[in-house]
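Going left to right, the sequence shown walks through residues -26 to -1, 1 to 685 as mature numbering (1 follows the signal peptide of the UniProt record, and there is no 0) numbers them.
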Amino acid sequence: MKNTTTTFRLTAVAAALCAAYGSAFAEDDEIRQLTKPDSSISVGAGFWSNDRQQQGIYDGMRDDGLYGLVDADIVKRDDASGTWFTFTGERLGLESRKFSAEVQQQGNMGGFVNYSRTPREHPLVIRSGLRGIGQDTLTISGAGANALPFRDVELSTYRDLIHVGFNKNLLSGLDVKVSFKNEEKNGSRHWGLGSQAFFLAEPIESTTRQLDVTLEYTGERLQLAGGYAGSWYGNHNDLVLATVRGVTTNTTGAPNPTPLSLPLNNEAHQFFLNGGYSFTPSTRGTLKVSRSVATQDESIPSILLGGVNAPFVGSPRSLDGEIVTSLVELGLSSRPTSKLSLSGSLRYYDVDDKTPLVGLVGSNTTRVATVHNTPHSYTTNTGKFEAAYLLPQRFKVIGGIDVKQQDRSAPKFVSERFVPFNEQIDETTYRLQLRRSMSDTVNGSIAFLHSTRDGSSRESPHDPEIFDTINPLHIADRTRNKWRLSLDWAPVEAFSLQFNVEDSHDDYASEDGRPFGLKDGRATLVSVDARYALTDEWQVTGWASHDVTRAKQLAGRWPQGSDEFADIDMVKDADLRDTGDSVGLGLRGALSDKLKIGVDVQWTRTESSYDEDTSPSTATFPTSAGVTAARLPDIENTLTRLSMFARYAVRKNADVQLDLIHERWKTDDWSWSFANGSAFTYGTTTDRTSVSVKPKQTANFIGMRYIYKFQ
């Protein structure tokens, strides 16, 4: 028998039918993905080879060992009622787990429930004899026969957040939304005594609740949203008593035991209204109004203590704190011509601290207070105006001006002022930007900002000879210049590149008689991101960034044990610099119809530099306990991370994925060490807790998971 082969040729009619119905089939597939998207469940396990004290702070995988890898993304739709059901779970087998469930009937009503746990593992290596960690009574080790056994201490905190919400359409254009959050925070945090070098662990056990009720109206011209927001903070501990084992009560220094206050219960309530109205198709106005009252009236926990810890007889039993905040903001934007756009806003923000002024420290014999609380009120008025004009050749110029004036209250008692204080600060910022759509593939912009800040005459502190020589950073006269340059380039569909440069320079004017403080600062950022599709199956991505933050400051030098300023020539001139470099490269591709792979490489380096010159140079660094100090060395941190995955389709609706990670972090941070390089130790004769940083941390991860997809 003779073999024959039949060849079908594509006729003009067949080609037309394929073009028409092929497009329809593609549209049907897109519609199917929107109405019946894929769901998936992923189950597996992973293993870390070593501890990750630094990189495992927040991800719930700090220690070496086996971890469960469970994720879910489930989406269902009831076509009859138009109701969507969604469930998303991430890292369900880890301490950093979170999930959300939502039911939403389109145009009618819906609700959701979210849960998340955020861990925070302490990265330092601590060995201590401290007892009572997690409680409100702590016992510090002591020395000699009084010492308690030492052990490794691992500190951590956990935030468990539950967020529920409901929304309902009441009428056409009118909706109500209600949400409630409850966050429980538990654990222990690195702490200290303050007056003495002792290690403590702050007990964390608090609840924060937040309620939001919003009514929204959406009309053709008018849109409004108003409602109520309330928050409540409750701390289950209000006071910690820290006792040094084997040490008698000390009336001249820190008493034994020493009481330490914790954050007290407080609450805040706010009513707000936000709105917008379109006067014409090209002119729109906006409004924001809110008023909130925050109070803290819990009884001061130390009020019932006796002996050396007895409070000042004039102290109140409760602070009776109250802060009232008011906000009014008006905005208007318009497009009077096709080429010109205008916008402006006025903002009034007032913080009125109504907390009574009371004495908290003083003599119980004379009943004269020497230290008071410092209620602080301020009012900020802000005005902004911006204009944009379309020029020929696809250019657009944008100019604007921001004016801000702040009136501030000053501490009432001059004897309790330790830095100069001014009651009014004015700041003006000018903005100019030029944009151009150079072509369909290239877009760029350049912007310049110039701002000046100055204030009223300064209120002098109680000792002008010493403290009035300081020029505080937050109120000092300052001139700021900032440049921004951005460029987007996409010459072909397969390639795109974004380039960005930012540079800012702050100049803090030195005032007569106030030479000490920040002199100038500078920040520079250069970044580039790129993507290139080699083929339909293979893509390469890459990014790099370089940033430098620099500050120059001048500080005085006072003789040890004296509060008298010695000589204007005895100064320390510091040039502080933080530098960061990051490089990343990613590759995604398909080796076959069933096998997909990906590789990511990341390298990050940060360096902190402390370049200090002192005068006179012969007394630059003191010598103590046989150790000759030297200039502060730089601190360098580097992270190298290589991750790879391979995903194989074992079935049409099921994949198996292998993940590999190599991670290496290094540091030469000397913050928790003595000058001779040994680990920092608290109170060598009473505490002896040691704290150090593990300088090299290398870990490898291998994980395997099964991914099931369905509809």
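Virtual Cβ for every residue (Gly too), placed ideally from N, Cα, C.
Distance from Leu293 to Pro285 at the Cβ level is roughly 12 Å; contact not present, criterion being Cβ atoms closer than 8 Å. Under the 8 Å Cβ criterion, the stretch 659 to 672 counts as touching the stretch 87 to 100, having at least three qualifying pairs. By DSSP's assignment, Pro93 forms a beta bridge with Tyr132. Here the C-alpha atom of Leu471 lies approximately 17 Å from the C-alpha atom of Ile420. Segment contact: the stretch 265 to 281 against the stretch 314 to 324, fewer than three CB-CB distances shorter than 8 Å; contact not assigned. The Cβ atoms of Phe86 and Gly139 sit closer than 8 Å to each other. With three or more CB-CB distances shorter than 8 Å, the stretch 445 to 459 counts as touching the stretch 417 to 433. Contact between Phe395 and Phe441 does not hold, since their C-beta atoms are separated by about 11 Å, which reaches or exceeds 8 Å. The stretch 420 to 468 is shown to contain whole beta strand (DSSP E) runs of 3 or more residues at 452 to 466, in chain order. Across the set Pro385, Gln367, Arg368 and Asn355, the C-alpha of Asn355 shows the shortest separation from the C-alpha of Gln379. Residue state for Leu634 is assigned as strand, using DSSP reduced to three classes. Judged by DSSP secondary structure, His346 falls within the beta strand (DSSP E) whose first and last residues are Ala343 to His346. Residue environment for Ser115: buried (at least 16 other C-beta atoms within 10 angstroms of its C-beta). Here Asp642 has Ile609, Glu610 and Pro669 as same chain residues with Cβ atoms under 7 Å from its own Cβ, once five neighbours each way along the sequence are excluded. Only exposed fits Ala384, as fewer than 16 other CB atoms lie within 10 angstroms of its CB. Its Cα nearest to that of Leu492, the residue Pro446 stands out among Pro446, Ala518, Leu565 and Ser460.
Under a 10 Å Cβ-count criterion, Ser16 is classified as buried, with 16 or more other Cβ atoms of the shown protein chains found around its own Cβ. Only residues of its own chain outside the window of five on either side were considered, and among them Phe619, Ala620 and Met678 have a CB closer than 7 Å to the CB of Leu632, listed in chain order.
Non-local beta-carbon contacts of Ile372 in its own chain, meaning distances under 6 Å to residues more than five positions away in sequence, involve Ala362 and Gln407 in chain order. Between His164 and Leu129, the C-beta spacing is below 8 Å. Judged by DSSP secondary structure, Tyr506 falls within the beta strand (DSSP E) whose first and last residues are Gly491 to Ala507. According to the DSSP secondary-structure assignment, Ile277 is paired through a beta bridge with no residue. Per DSSP, Asn82 lies in no beta strand (DSSP E) segment and is marked neither H nor E. In this model, Leu365 and Gly495 are separated by some 36 Å (Cα to Cα).
Our two residues, Asp400 and Asp149, have alpha carbons roughly 42 Å apart in a direct line. Counted as a single uninterrupted DSSP element, the beta strand (DSSP E) harbouring Ile399 occupies residues Gln398 to Ser411.
With fewer than 16 other beta carbons inside 10 angstroms of its own, Ser146 counts as exposed. The residue from Thr62, Val49, Met35 and Gly18 with its alpha-carbon nearest to that of Leu43 is Gly18.
In the three-state reduction of the DSSP assignment, Glu76 falls in the strand class.
Assignment of beta-bridge partners to Ile178 by DSSP yields Gly161. When beta bridges are read from the DSSP output, Ala649 appears opposite no residue.
At a Cβ-Cβ threshold of 8 Å, Thr353 and Asp381 count as neighbours.
Between the C-alpha atoms of Arg562 and Leu569 there is a straight-line separation of about 11 Å.
The closest CA to that of Leu236, considering only Asp45, Thr111, Gln513 and Glu303, is found on Thr111. DSSP, reduced to helix, strand and coil, places Glu511 outside both helices and strands of the structure shown, so it counts as coil. Distance check between Tyr506 and each of Thr515, Thr498 and Leu499 places Thr515 closest, using alpha-carbon atoms only.
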